[in-house]
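> Quick one: the structure is below, and I'll ask about it shortly.
In my numbering, the protein residues as written are 1 to 138.
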């Protein structure tokens, strides 16, 4: 376990990085916060996940409002995705309570690797026309 002043400093810097990179990449910050809390500070994985989600509520709201003001948010698509994402978050939070910490770490690592490989692969980006844009998106 780290000395308290070092743990506080790392938490502060990690939260700053998570907020910044989360807003840049649209990831909410858990990518940084969960490993920081679990691996560097020594908080068990279940508490690290729960703490990460609670700490990114404000950053998600604020980041979303900035993107909305800049006209780079498709609210229709967001509202289309939201109900299923809510159900998924309930299922995921329930599973965190029953899964072994080792399995949670493995699932977290697999998710990060999948995301990284998908982004590196670099599929050609095109305008999504699945859901029409709204008056807020450009």
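Even glycine gets a Cβ: it sits at the ideal position worked out from N, Cα and C.
1) I need the boundaries of the alpha helix (DSSP H) containing residue 5, first residue and last residue.
2) In whole angstroms, what is the alpha-carbon distance linking residue 108 and residue 71?
3) Name the two residues that bound the continuous alpha helix (DSSP H) containing residue 1.
4) Select from 92, 91 and 44 the residue whose C-alpha is nearest the C-alpha of residue 102.
5) Determine the burial state of residue 35: buried for a count of at least 16 other Cβ atoms within 10 Å of its Cβ, exposed for fewer.
6) Using a Cβ distance threshold of 8 Å, determine whether the segment 89–102 contacts the segment 62–79, with at least three qualifying pairs required.
7) Are residue 26 and residue 18 touching if we call contact CB-CB under 7 Å?
8) Whole angstroms are fine: how far does the CA of residue 37 sit from the CA of residue 122?
9) Mapping DSSP to helix, strand and coil, what is residue 75?
10) So, under 8 Å CB-CB, residue 41 and residue 11 are touching, yes? Tell me the CB distance rounded to an integer number of Å.
11) Can you give me the C-alpha to C-alpha distance between residue 31 and residue 79, rounded to a whole angstrom?
12) Could you pull out every residue in the same chain whose Cβ sits closer than 6 Å to the Cβ of residue 56, ignoring the five residues on either side in sequence?
Well, looking at it:
1) 4–25
2) 32 Å
3) That residue, residue 1, is in no alpha helix (DSSP H); it is neither H nor E in DSSP.
4) 44
5) buried
6) By the C-beta criterion, the segment 89–102 is judged not to be in contact with the segment 62–79, since fewer than 3 inter-stretch pairs fall below 8 Å.
7) With respect to residue 18, residue 26 sits apart: the two C-beta atoms are not nearer than 7 Å.
8) 30 Å
9) helix
10) 7 Å
11) Computed Cα separation, rounded: 24 Å.
12) 28 and 29
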